[in-house]
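>
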Amino acid sequence: VKRGLVVLDHAEIPAEEWTDRVRALQERLAVEGIDIAFVYGDVHRSDDIGYLTNLCIYWNEGVLAVPAEGEPVFLTKLSPRVHRWMRRTSTVSELRSGRAFGPLAQELLGGRAPGVLGLVDARRWPSLVVDELAAALPAWELRLLGDLVRDRRVIPSAGELALLRDGGRVVARAARQAGEPGLAPAARVALVESELRGAGFTDVFVTAAAADDGVVSIEITGQYRHGWLRAARLVSGAAGAGGAGGAGGGAGGPAWASVLRAGLAAAIDAASAGASATGVAAAAEPILGELPAGATCYVDWINQADLSTNGEYERHARHTPLPAGTVGAVSVEALFAAGGRAVVADTVLVGDVLADHGGARRLTAVGTGDDGDDEDDGNDGNDGAAR
Amino acid sequence: MSDPMGGTMTRAGAGADTGSTADAAERAHRYRRVRAAMAERELDVLLAFAPGWRRENVRYLTDAALAASAAMALVPAAGEPSAFSARRADLPGIAGAGWVSDVHSLDLPEASALTDRLRAARPNRIGIAHLELLPLMLAQAVRQAVPAAEIVSATALMDDVRLVKSDWEIARMRRTAEVCAAGWQAFVDVLEPGLPEYRIVAEVESELKRLGAEDNFMLIASGGDDVRGMTAPGPRPLERGDMVRTELTPQLNGYWLQICRSAVVGEPSEGQRRSFELFNAAVEAGLSVVRPGVTAHEVAKAQNDVFRARGYGEYCTSQYTRVRGHGHGLHLDETPIIEGNKTVLPEGAVFIVHPNTYTPLAGYHVLGDPVVVTNTGYEVLVATERKLFSTAEPGESAGSTESTASADEGRSS
Numbered sequence: 206v207k208r209g210l211v212v213l214d215h216a217e218i219p220a221e222e223w224t225d226r227v228r229a230l231q232e233r234l235a236v237e238g239i240d241i242a243f244v245y246g247d248v249h250r251s252d253d254i255g256y257l258t259n260l261c262i263y264w265n266e267g268v269l270a271v272p273a274e275g276e277p278v279f280l281t282k283l284s285p286r287v288h289r290w291m292r293r294t295s296t297v298s299e300l301r302s303g304r305a306f307g308p309l310a311q312e313l314l315g316g317r318a319p320g321v322l323g324l325v326d327a328r329r330w331p332s333l334v335v336d337e338l339a340a341a342l343p344a345w346e347l348r349l350l351g352d353l354v355r356d357r358r359v360i361p362s363a364g365e366l367a368l369l370r371d372g373g374r375v376v377a378r379a380a381r382q383a384g385e386p387g388l389a390p391a392a393r394v395a396l397v398e399s400e401l402r403g404a405g406f407t408d409v410f411v412t413a414a415a416a417d418d419g420v421v422s423i424e425i426t427g428q429y430r431h432g433w434l435r436a437a438r439l440v441s442g443a444a445g446a447g448g449a450g451g452a453g454g455g456a457g458g459p460a461w462a463s464v465l466r467a468g469l470a471a472a473i474d475a476a477s478a479g480a481s482a483t484g485v486a487a488a489a490e491p492i493l494g495e496l497p498a499g500a501t502c503y504v505d506w507i508n509q510a511d512l513s514t515n516g517e518y519e520r521h522a523r524h525t526p527l528p529a530g531t532v533g534a535v536s537v538e539a540l541f542a543a544g545g546r547a548v549v550a551d552t553v554l555v556g557d558v559l560a561d562h563g564g565a566r567r568l569t570a571v572g573t574g575d576d577g578d579d580e581d582d583g584n585d586g587n588d589g590a591a592r
Numbered sequence: 004m005s006d007p008m009g010g011t012m013t014r015a016g017a018g019a020d021t022g023s024t025a026d027a028a029e030r031a032h033r034y035r036r037v038r039a040a041m042a043e044r045e046l047d048v049l050l051a052f053a054p055g056w057r058r059e060n061v062r063y064l065t066d067a068a069l070a071a072s073a074a075m076a077l078v079p080a081a082g083e084p085s086a087f088s089a090r091r092a093d094l095p096g097i098a099g100a101g102w103v104s105d106v107h108s109l110d111l112p113e114a115s116a117l118t119d120r121l122r123a124a125r126p127n128r129i130g131i132a133h134l135e136l137l138p139l140m141l142a143q144a145v146r147q148a149v150p151a152a153e154i155v156s157a158t159a160l161m162d163d164v165r166l167v168k169s170d171w172e173i174a175r176m177r178r179t180a181e182v183c184a185a186g187w188q189a190f191v192d193v194l195e196p197g198l199p200e201y202r203i204v205a206e207v208e209s210e211l212k213r214l215g216a217e218d219n220f221m222l223i224a225s226g227g228d229d230v231r232g233m234t235a236p237g238p239r240p241l242e243r244g245d246m247v248r249t250e251l252t253p254q255l256n257g258y259w260l261q262i263c264r265s266a267v268v269g270e271p272s273e274g275q276r277r278s279f280e281l282f283n284a285a286v287e288a289g290l291s292v293v294r295p296g297v298t299a300h301e302v303a304k305a306q307n308d309v310f311r312a313r314g315y316g317e318y319c320t321s322q323y324t325r326v327r328g329h330g331h332g333l334h335l336d337e338t339p340i341i342e343g344n345k346t347v348l349p350e351g352a353v354f355i356v357h358p359n360t361y362t363p364l365a366g367y368h369v370l371g372d373p374v375v376v377t378n379t380g381y382e383v384l385v386a387t388e389r390k391l392f393s394t395a396e397p398g399e400s401a402g403s404t405e406s407t408a409s410a411d412e413g414r415s416s
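Chains A and B supply the protein sequences, listed in that same order.
Heads up: the first sequence is residues 206 to 592, going by my numbering.
Heads up: the second sequence is residues 4 to 416, going by my numbering.
Here it is as structure tokens:
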């Protein structure tokens, strides 16, 4: 369940931007001859609906109905007693609750002449819900649509980018604190939870994975408003010894830690506009060849728009060129032959290679300024940032 | 492990004999139950699907923590099971748990490792647990792999199998109960005027994670008698006189358990005290009927009858809140305790009795305890006192409106 802060603040995202987001979808619907689009979301994956309305599906499932003309309506399996809260924290004024989407859709569209109902990002809809809608609306043509909303989320607006920068600073600070010496892994996780949720993150996932030599990877993934950030750092695993200055800090720690960090730096260097996820991985591969024998290594680029699912539905997109202005997580993960796992990661803003500051800039490095420039603080996530 | 992107894990000798004797017995017990249920329904293959928010069935079959947005377990009527996860980092954990030795990446959208095994099984009839949540891309992959097979939902099958908890499971849930109690204590400790709701959650969450919780389901509401329900937290700062309500539900070693309490910032009002008395009487009434074989309907009715007898019956209707509790286990919200649900709750069933709803006395009130059905009645699993907590009271000893239930007592006759 999402249990962090939910707030609608027009100082962060102006009211006109919210209106424009819905209007852009409606214009696309008009072009494609679709009378109304349904956008599905559940607690695990609801960023399309959040992007359009700021609605937080903190639990269960919901469908946002967006007519080609008119106001969106939210259909949900949550109780009507949360409608007041949802109206207060979103741009939606009409909400309807029910136990199933078929009857809700029937009720919503009952007074309209049958037409074309488009299902946005249809391949991820529960297939039985699609069947249920088809049975409930026999006179309507159901059209399976692509990722119309997700595609618009790939490059954040100025307001969204400002929020990502704010969130990135919080993640960076938490990652550094979690790397302090003398903490047990669970205490490190607890510290990050307190920092991120205390700073207003909506969703937080923190893991502590150990390598066979005791080095611990603290991996942080968090949702700040509707943007996602990820960072991972290496710290000594033993309470009372090591810390960010050990495995994580460059000097000291096992040799493989330096290799992993150098691999991340190379991958981030390669994450410029026009590059692909495959190209980002390829840039790190020569360096990662120096990892201990038998280690298996993975380099991933995941757009922040896909981090709620860890990009697990987007693997087909590994050859798509990264556009300038996009934000994503670059991670380097090693699985060791003797067992154990290690990961380093940062969230970066992809710059324009033709601009002065081409290449990627880390948003989750301590000391990151408002202009996106990094200030090296010796933390493991910060070295080698592209400038 | 095979090639980097294939992510296949095969663990020689993995299975029941790699864990402790108790783990092996538990695994054998579960697979016996699942296969007996499959035989009853004439299923050749059971597929358990785990989207990111409903992982209970795959966990039941693998005893492994999952982080993936999609995972599956495949159980043939005979032979070894297989498991699949879209999250690479899940694979060593599944193999390491030792319950399933054939572990693979769930490479979306093709899901080739899964569909290869489905084809090889040549099933006539497949049951899919959480078929209702299976995304179109996976449904199509399954259908194309075995076009002639009949596909039915096995969600209820797995709900039934998981309803009765073994001693092994209840031992785990007792540990979760300790974390529940600690989480509630952290909640009360942090309450003070001016603190925003989301900061309360931050502190509680930190404490739960420090104690090893994997996850937590938590809703919250603060304010006066205008509060109608709970949601995710907002920026509202606490005020003196507020009642702060929460459902706090940590997950530890896979098992969720919930505690429901309300606390007042400052001295409780007369309305808040009367509200507590009403809700506590309803909890007591619900608990009083718990014994092996009671139905969810009967537990709900016993609670609602207290509201009805005192003139608050309308607040138990669909206009407010009808659910009077729910089952616990590897899912936090198992069979609902609600009038009309004829599900029988046998010995070993675990659920929370909570009459949470709105009344005009003090707004939405939250109070409830999780119990396990014993051979003579029930046992309350959390040790936290059932009272109206107040920050005006020193320490934990305060509260003029206290109940008598605790983890050490509460057996009905």
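From the three backbone atoms N, C-alpha and C, an ideal C-beta is built for every residue, glycine too.
If you compare alpha carbons, which of A:HIS431, A:SER399, A:GLY246, A:ARG381 is closest to ILE423 of chain A?
Comparing Cα-Cα distances from ILE423 of chain A to each of A:HIS431, A:SER399, A:GLY246, A:ARG381, the minimum goes to A:ARG381.
> Does the beta carbon of ALA539 of chain A sit closer than 8 Å to a beta carbon anywhere in chain B?
Chain B contact via Cβ: absent.
> Sorted by chain position, which residues of the same chain lie with C-beta nearer than 6 Å to PRO236 of chain B's C-beta, five sequence neighbours on each side aside?
Result list for PRO236 of chain B: GLU200, TYR201, VAL204, ILE223, in chain order.
> What residue does the alpha helix (DSSP H) around VAL156 of chain A start on, and which one ends it?
Residue 156 of chain A is absent from the model: chain A starts at 206 and stops at 592.
> Enumerate in chain order the residues of its own chain whose CB-to-CB distance from ALA486 of chain A is below 6 Å, with the five nearest sequence positions on each side excluded.
Cβ within range, chain order: VAL504.
> What does the alpha-carbon distance come out to for the pair PRO238 of chain B and ALA216 of chain A?
Near 15 Å, if we compare the C-alpha coordinates of ALA216 of chain A and PRO238 of chain B.
> Just by C-beta distance, which residues in the region 365-384 of chain A are closer than 8 Å to chain B?
Per Cβ criterion, the list is empty.
> Please name the residue, chosen from A:GLY479, A:ARG293, A:ARG348, that lies closest to THR234 of chain B on a Cα-to-Cα basis.
For the residues A:GLY479, A:ARG293, A:ARG348, the minimum Cα distance to THR234 of chain B belongs to A:ARG293.
> Under 9 Å Cβ-Cβ, which residues of chain B neighbour LEU395 of chain A?
The question names Leu, yet the displayed sequence has Ala at residue 395 of chain A. Result: GLU208, SER209, GLU210, LEU211, LYS212, ARG213, LEU214.
> Look up GLY450 of chain A in the DSSP assignment and say whether it is helix, strand or coil.
The predicted position of GLY450 of chain A is uncertain, since its pLDDT is 40 and thus under 50; no value can be drawn from it.
> Kindly indicate which residue of B:ALA100, B:VAL182, B:ALA81, B:SER72 has the alpha-carbon position closest to the one of SER88 of chain B.
Nearest of B:ALA100, B:VAL182, B:ALA81, B:SER72 to SER88 of chain B, Cα basis: B:SER72.
> Taking the alpha-carbon positions, what's the GLY455 of chain A to VAL571 of chain A distance?
A caution first: GLY455 of chain A carries a pLDDT of 45, below 50, which makes its placement in the model unreliable, though a value can still be read off. Each residue's alpha carbon lies about 15 Å from the other.
> Would you mind sorting THR387 of chain B into buried or exposed? The rule is 16 or more other CB atoms within 10 Å of its CB.
Per the 10 Å Cβ criterion, buried.
> Compute the distance between the beta-carbons of VAL356 of chain B and ILE340 of chain B, then report whether it is under 8 Å.
A contact, by the Cβ cut-off of 8 Å.
> Helix, strand or coil, according to DSSP, for SER513 of chain A in the structure here?
Reduced to three states, the DSSP call for SER513 of chain A is helix.
> Using the beta-carbon of each residue, which ones in chain B are nearer than 8 Å to PRO361 of chain A?
Under the 8 Å cutoff, chain B gives no residues; its nearest Cβ is about 22 Å from PRO361 of chain A.
> What are the uninterrupted segments assigned as alpha helix (DSSP H) that are 4 or more residues long and contained completely in the region 36-83 of chain B, given in chain order?
Whole alpha helix (DSSP H) segments, 4+ residues: 59-65.
> Assuming the contact rule is C-beta atoms closer than 8 Å, ALA305 of chain B and VAL292 of chain B should be a hit. Round their C-beta distance to whole Å, please.
Confirmed, Cβ separation roughly 5 Å.
> Compare the C-beta of TRP223 of chain A against all C-beta atoms of chain B and say whether one is closer than 8 Å.
Not an interface residue.
> Would VAL464 of chain A and LEU439 of chain A qualify as a contact pair, given that the criterion is a beta-carbon distance under 8 Å?
For VAL464 of chain A and LEU439 of chain A, no; Cβs fall outside 8 Å.
> Between GLY257 of chain B and ARG62 of chain B, is the Cβ-Cβ spacing less than 8 Å?
In this structure, ARG62 of chain B lies closer than 8 Å to GLY257 of chain B by Cβ.
> Of the residues that make up the region 507-529 of chain A, which ones have a beta carbon closer than 7 Å to any beta carbon in chain B?
So the close ones are THR514, ASN515, GLU517, TYR518, ARG520.
> From LEU211 of chain B to ILE239 of chain A, what does the alpha carbon distance come to, in whole angstroms?
Each residue's alpha carbon lies about 47 Å from the other.
> Using only CA atoms, which one of A:THR531, A:CYS261, A:LEU527, A:GLY516 lies nearest to LEU366 of chain A?
That would be A:THR531, whose Cα lies nearest to the Cα of LEU366 of chain A.
> May I ask you to report which of helix, strand or coil DSSP gives GLN322 of chain B?
Coil at GLN322 of chain B, not helix or strand.
> Are the beta-carbon atoms belonging to TYR593 of chain A and ARG228 of chain A less than 8 Å from one another?
In the structure as shown, chain A starts at 206 and stops at 592, and residue 593 of chain A therefore has no counterpart that could be examined.
> For the candidate residues B:GLY197, B:ARG178, B:THR377, B:MET41, whose alpha-carbon lies nearest to that of ASP245 of chain B?
Comparing Cα positions, the closest option is B:GLY197.
> Is any beta-carbon of chain A found at less than 8 Å from that of PHE220 of chain B?
Chain A, which has a Cβ nearer than 8 Å to the Cβ of PHE220 of chain B, makes this yes.
> Buried or exposed: SER332 of chain A, going by 16 or more other Cβ atoms within 10 Å of its Cβ?
The residue in question, SER332 of chain A, is buried, as its Cβ has 16 or more Cβ neighbours within 10 Å.
> Alpha carbon to alpha carbon, how far is GLY209 of chain A from GLY274 of chain B?
Approximately 30 Å, taken between the alpha carbons.
> Three or more C-beta pairs under 8 Å: does that hold for the region 531-547 of chain A against the region 490-508 of chain A?
Verdict: yes, contact present.
> Buried or exposed: ASP417 of chain A, going by 16 or more other Cβ atoms within 10 Å of its Cβ?
ASP417 of chain A comes out exposed.
> Going by beta carbon distance, what residues of the same chain come within less than 6 Å of LEU260 of chain B, once the five residues before and after it are set aside?
Closer than 6 Å at Cβ, skipping near neighbours: MET176, THR179, ALA180, CYS183, HIS331, PRO373.
> So TRP433 of chain A is in the beta strand (DSSP E); what residue range does that whole segment cover?
Looking at the DSSP string, the run of the beta strand (DSSP E) that includes TRP433 of chain A is 432-441.
> Compare the C-beta of ALA444 of chain A with all C-beta atoms of chain B and state if any pair is closer than 8 Å.
Low confidence applies to ALA444 of chain A: its pLDDT is 49, below 50, so where it sits in the model is not reliable enough to give any reading.
> For ALA395 of chain A, tell me which candidate among B:GLU208, B:ALA185, B:GLY186 has the shortest Cα-Cα distance.
Nearest C-alpha to ALA395 of chain A: B:GLU208.
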